[in-house]
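My numbering applies: residue 2 is where the sequence shown begins, and numbers increase by one. Virtual Cβ for every residue (Gly too), placed ideally from N, Cα, C. Below: the structure, in structure tokens.
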Amino acid sequence: MKKLFLLLALAVTSLMAAAQDKMIFVIEGPEEMYNQIRVINETSMDEIRCRVVVLDDSNQIKSEYGQYNVIGKGKWDSNTDRISRGTRLGIQMPQNFEGELAFTVEYKDYPFFDAILIHLTDKADGFSSEL
């Protein structure tokens with residue numbers, strides 16, 4: 002019985018670790034609707050290509066929000082389209098992408114539009130998931 006419990010605990014822990022590696026988030030900002038998603042390259046890479054997709058509750062792709070090509074460190078690319086709070090989004094990297102990234106999300110209220118800023122960073126630069 003103990004072996005079965007340990008096996009189940011190990012499986013759950015592995016699944017949780019795998020879920021943390023996926024770049025998925027739910028829009029939780031203060032606005033009901035946003036007009037833009039901006040991806041900012043804060044990595045050590047000179048160029049980042051990615052796409053932001055809209056996901057359903059089981060993390061399957063429903064649609065593509067936009068593709069981003071950010072050339073230069075500290076630079077950004079954006080797509081303008083309306084998207085609602087509560088929408089589940091995923092960030093996909095190209096299949097041949099080598100490297101590990103982390104991300105943070107920021108919500109900005111500009112005078113004429115509301116934006117979601119996705120900051121991409123090197124995973125090693127992020128915080129540890131352990132306390």
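Do you know whose CA, among the options, lies nearest residue i's CA?
{"i": "L102", "options": "S79, E43, I38 and T122", "result": "T122"}
{"i": "L70", "options": "I62, K76 and R50", "result": "Sequence check: residue 70 is Asn here, not Leu. Out of I62, K76 and R50, R50 has the C-alpha closest to the C-alpha of N70."}
{"i": "Q93", "options": "G30, E29, L56 and D82", "result": "L56"}
{"i": "N42", "options": "K74, F104, F113 and D110", "result": "K74"}
Tell me the DSSP secondary structure of residue i in three-state form.
{"i": "K63", "result": "strand"}
{"i": "K23", "result": "coil"}
{"i": "L11", "result": "Bear in mind that a pLDDT of 35 at L11, under 50, signals an unreliable position, so the number given afterwards is only what the model happens to contain. In this structure, L11 counts as helix in the three-state DSSP scheme."}
{"i": "P112", "result": "coil"}
Kindly give me the distance between the Cβ atoms of residue i and residue j, rounded to whole angstroms, as I take these residues to be in contact under 8 angstroms.
{"i": "Q37", "j": "A116", "result": "4 angstroms"}
{"i": "E33", "j": "S85", "result": "7 angstroms"}
Cβ of residue i within 7 angstroms of Cβ of residue j?
{"i": "I25", "j": "G87", "result": "no"}
{"i": "V53", "j": "G67", "result": "yes"}
What are the start and end residues of the beta strand (DSSP E) that includes residue i?
{"i": "G91", "result": "R89 to Q93"}
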